[in-house]
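What the sequence shown shows, in my numbering, is residues 37 to 372, in sequence order.
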Amino acid sequence: MSRTPPTEPQNDKDSGFLDQTLRPSRWDDYIGQKNIKDNLHVLLTAARERSHPPEHMLFYGPPGLGKTTLAHLISKETGSVMRVTSGPAILKVGDLASILTNLSAGDILFIDEIHRLNKAIEEVLYPAMESGTLDIIIGKGPSARTIQLDLPPFTLVAATTRIAMLSAPLRSRFSGGVFKLEFYTDEEIAEIVRRSAKILGVEIEGGAVDEIAKRSRFTPRTANFHLKRCRDYAQINKSALDKATVEKALAMLGVDELGLTPADRDILKTIIRKFSGGPVGLNTISAALSEEQATVEEVYEPYLIRLGLLERTPRGRIATDKAYAHLGEKGAAKLL
Ligand code: ADE
37 MSRTPPTEPQ NDKDSGFLDQ TLRPSRWDDY IGQKNIKDNL HVLLTAARER SHPPEHMLFY
97 GPPGLGKTTL AHLISKETGS VMRVTSGPAI LKVGDLASIL TNLSAGDILF IDEIHRLNKA
157 IEEVLYPAME SGTLDIIIGK GPSARTIQLD LPPFTLVAAT TRIAMLSAPL RSRFSGGVFK
217 LEFYTDEEIA EIVRRSAKIL GVEIEGGAVD EIAKRSRFTP RTANFHLKRC RDYAQINKSA
277 LDKATVEKAL AMLGVDELGL TPADRDILKT IIRKFSGGPV GLNTISAALS EEQATVEEVY
337 EPYLIRLGLL ERTPRGRIAT DKAYAHLGEK GAAKLL
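This is the structure:
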C-alpha cells in the first residue's frame, strides 16, 4: 500500500458528485467574496433591466475558491443555459468555431483554464467577444477569403488560476470586469463547513468546525474535502465528530496544524535542505520534486506565501524563519 496519503482533487471534474451537492445554488448561500458578489449584483441587475446579456467576465485566483460556482450562479441568475468548456479541451480553431456557432441568444459560455488556449484560438475569440462575429478563413493561399458570421449575443465567463499568462488584448476584452477571488477568512470557512455538514446530515461540534477551518488553506474545496474525510473517520470509529477526531483524521491525511500537506512540507524541506534555504529558482525546485512548475506555482505556493513560510524574490524562492521553526529545521532564513 502506498504511504502517501490521498490529497484533495484539484479541480471540479475530479471532485465528484458530492461537491455538486455542496456547491451553493443561491447567492445567499455563497459565503465570502463579498466585493465580487456586490459588483456582480450591479452588473447583472443593470443588464437585466436593459434586457441585454451581461458583458464578458473573467475570474482569477488559486484553485478551489469558487470560480466555477460563480459562473453557475450567474447562469442561474440570468436564467440562461451555461455551456461549459476549458482551454485544454479546445484544440483547434474549428473546435471553438463549432462551440460559438452552436450558442443560442443569451447563453453563457464558461471557459475554464482559459490561460491554456493557444494564440491562434485566442484570435478567433477577440472578434467574437468584441463585435459578436466569427471570422472564418476559407481556402488557402491567394484565393483564401474571410467570411464573417454573426453570432447570437452571449456572455463569456472565463476562469484562470494564472492571470499573468493571459495576453493583454485578451484581458482587455472582458468588458464586464476582471475579478480576483481572495482567500477566505477562517470565520467564512467555518460557516461553509457548518453549511456543508448540514447538507451532508452530519452532526459536528464547534471545536471540530474550527479545527477543520484552521487547516483548510482558506479554501472551501479543501474544507469540504476535510469535512468528508473527518466524517468518514468518525463513522468507522463510531466516534463523535469533535476536535479530537478531526485532529486524528487529518493527521492520518498528513495535514498538519497549519494545514500543510506532505507536498507543501516537501517544498519547504527541499529549499532548506538542498538549497540552504534559497534563493532558488522555481524550475530547480520543481525538478528536484518531480512536480510541474505550474502546479508548484499555482497550487502550493500561494498558501505558503500567504502563511509567510515562503517568499518569492527576484533571485528565487526563500524559506523564511517561520518555515524553519514550523518544520523544526536547524539554521535560519537568509537575509537578502
Ligand atoms: N462551497 C464552496 N464554496 C462555497 C462558498 N463560497 N460558499 C458556500 N459554500 C461553498
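From the three backbone atoms N, C-alpha and C, an ideal C-beta is built for every residue, glycine too.
As DSSP reads the structure, residue 93 sits in a beta bridge with 193, 213. When rounded, the separation of the alpha-carbon atoms in residue 363 and residue 334 is 22 Å. The three-state secondary structure of residue 126, taken from DSSP, is coil. Taking the C-beta atoms as reference points, residue 263 is found no nearer than 9 Å to residue 304. Per DSSP, residue 311 has no beta bridge partner at all. Taking the C-beta atoms as reference points, residue 269 is found no nearer than 9 Å to residue 250. Residue 174 is bridged by DSSP to 181.
Taking the CA atoms as reference points, residue 200 sits about 47 Å from residue 275. Following the DSSP letters along the chain, one finds residue 141 in no alpha helix (DSSP H), marked with neither H nor E. Sixteen is the threshold: when 16 or more other Cβ atoms of the shown chains lie within 10 Å of the Cβ of residue 306, as they do, the residue is buried. In this structure, residue 258 keeps its C-beta atom at 9 Å or more from the C-beta atom of residue 290. In the three-state reduction of the DSSP assignment, residue 120 falls in the strand class, which pools E and B. Rounded to the nearest angstrom, the gap between the Cα atoms of residue 64 and residue 77 is 12 Å. Residue side-chain check: residue 162 keeps its Cβ at 8 Å or more from all non-hydrogen atoms of the ligand ADE. Annotation: the continuous beta strand (DSSP E) that includes residue 354 extends over 352 to 355.
For residue 147, same chain residues with a beta-carbon under 6 Å away, outside a window of 5 residues either side, are 121, 194 in chain order.
Take residue 207, set aside five residues on each side of it, and the residues of its chain with a beta-carbon closer than 8 Å to its own are 94, 199, 214, in chain order.
The bridge partners DSSP lists for residue 346 are 355.
The three-state secondary structure of residue 57, taken from DSSP, is helix. Pairing residue 217 with residue 98 gives a Cβ-Cβ distance under 9 Å. If you draw a straight line from the Cα of residue 265 to the Cα of residue 86, it is about 47 Å long. Taking 9 Å as the cut-off, the Cβ atoms of residue 255 and residue 219 count as close. In the assembly as shown, residue 55 is a buried residue. Its beta-carbon has 16 or more other beta-carbons within 10 Å.
When the five nearest sequence neighbours on each side are left out, the beta carbons in the same chain lying within less than 7 Å of the beta carbon of residue 267 are those of 236, 238, 277, in order along the chain. Within the same chain, and ignoring the five residues on either side of residue 187 in sequence, the residues whose Cβ sits closer than 8 Å to its Cβ are 136, 137, 139, 164, 168, 169, 170. Here residue 229 is buried, its C-beta having at least 16 other C-beta atoms within 10 Å. The continuous alpha helix (DSSP H) containing residue 106 extends over residues 103 to 114.
For residue 246, the enclosing alpha helix (DSSP H) has its first and last residue at 242 to 250. Using a cutoff of 8 Å, the CB of residue 57 does not count as near the ligand ADE, since none of the ligand's heavy atoms is closer than that. Looking at the DSSP output, residue 169 shares a beta bridge with 186. By the beta-carbon neighbour count (other beta carbons within 10 angstroms, threshold 16), residue 260 is buried.
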